[in-house]
Amino acid sequence: DAMVIQNPRYQVTQFGKPVTLSCSQTLNHNVMYWYQQKSSQAPKLLFHYYDKDFNNEADTPDNFQSRRPNTSFCFLDIRSPGLGDAAMYLCATSRDLGQSYEQYFGPGTRLTVT
Amino acid sequence: AQRVTQPEKLLSVFKGAPVELKCNYSYSGSPELFWYVQYSRQRLQLLLRHISRESIKGFTADLNKGETSFHLKKPFAQEEDSAMYYCALTSGSRLTFGEGTQLTVNP
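Here it is as structure tokens:
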């Protein structure tokens, strides 16, 4: 089945220790997104890639970076995680940009910061 | 700025009863509105979008621009409808979600 895969499903890191979350897709979609969802809150867009073009949301902290080495993979790097970065991180893809293109979500990675 | 509000965090109904999940939005342009659903232990997935004007799993939603609302309705709720429902608005590529409503349908 074509899908969006996130690894690991659960990640524990220490305060200040860099961590990388991984997303891969078999849909061959052009766009990949990263969302942060804190407990009982709405998913919040951090950034997206359209092909190799990176688009950061204005209020995304500098602590969050992303890489997309090829069409299939996209990584979320948190350089120095703080306790406030504990959240569910959702990866999504869409075939193209624009309102008419559905976003397909992965199962998420739950990040715990100790 | 665009904003989506779902006033009810929790909603509980009995099987067979009508259900309405409320969604209000603020957006200066012409928005496209969606409902996403997340069943227990499953990923977030699209339920329906206003532009399609379709009924999915018995759910419908009508965009009311005058009231800036996009409420989700189903005349007869089923137990399998129990899930987290998110209303979302898109402009360009950005999806803005509401905080979600947890619907529980009791037998």
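Protein sequences appear in the order of chains A and B. Terminal number for the first sequence in the working numbering: 1065, no gaps in between. Terminal number for the second sequence in the working numbering: 111, no gaps in between. Built from N, CA and C at the ideal position, the CB exists for glycine as well.
Every beta strand (DSSP E) stretch that sits fully inside the stretch 6-89 of chain B and reaches 3 residues is listed by chain position as 7-9, 14-18, 23-25, 28-30, 36-42, 49-53, 76-78. Taking a beta-carbon distance threshold of 7 Å, R57 of chain B does not count as an interface residue toward chain A.
With a 10 Å radius around the Cβ and a threshold of 16 neighbouring Cβ atoms, D1004 of chain A comes out exposed.
A1038 of chain A has A:L1062 as its beta-bridge partners, per DSSP. One finds R47, L48 in chain B with Cβ atoms closer than 9 Å to the Cβ of L1041 of chain A, taken in chain order. The alpha-carbon separation between Q106 of chain B and A92 of chain B amounts to approximately 15 Å. For T94 of chain B, the chain A residues whose C-beta falls within less than 8 Å of its own C-beta are Q1050, listed in chain order.
Between the beta-carbon of Y986 of chain A and that of L1048 of chain A there is about 16 Å, and that puts the pair past the 8 Å contact cut. Three or more Cβ pairs closer than 8 Å define a contact, and the stretch 997-1016 of chain A falls short of that threshold against the stretch 13-20 of chain B.
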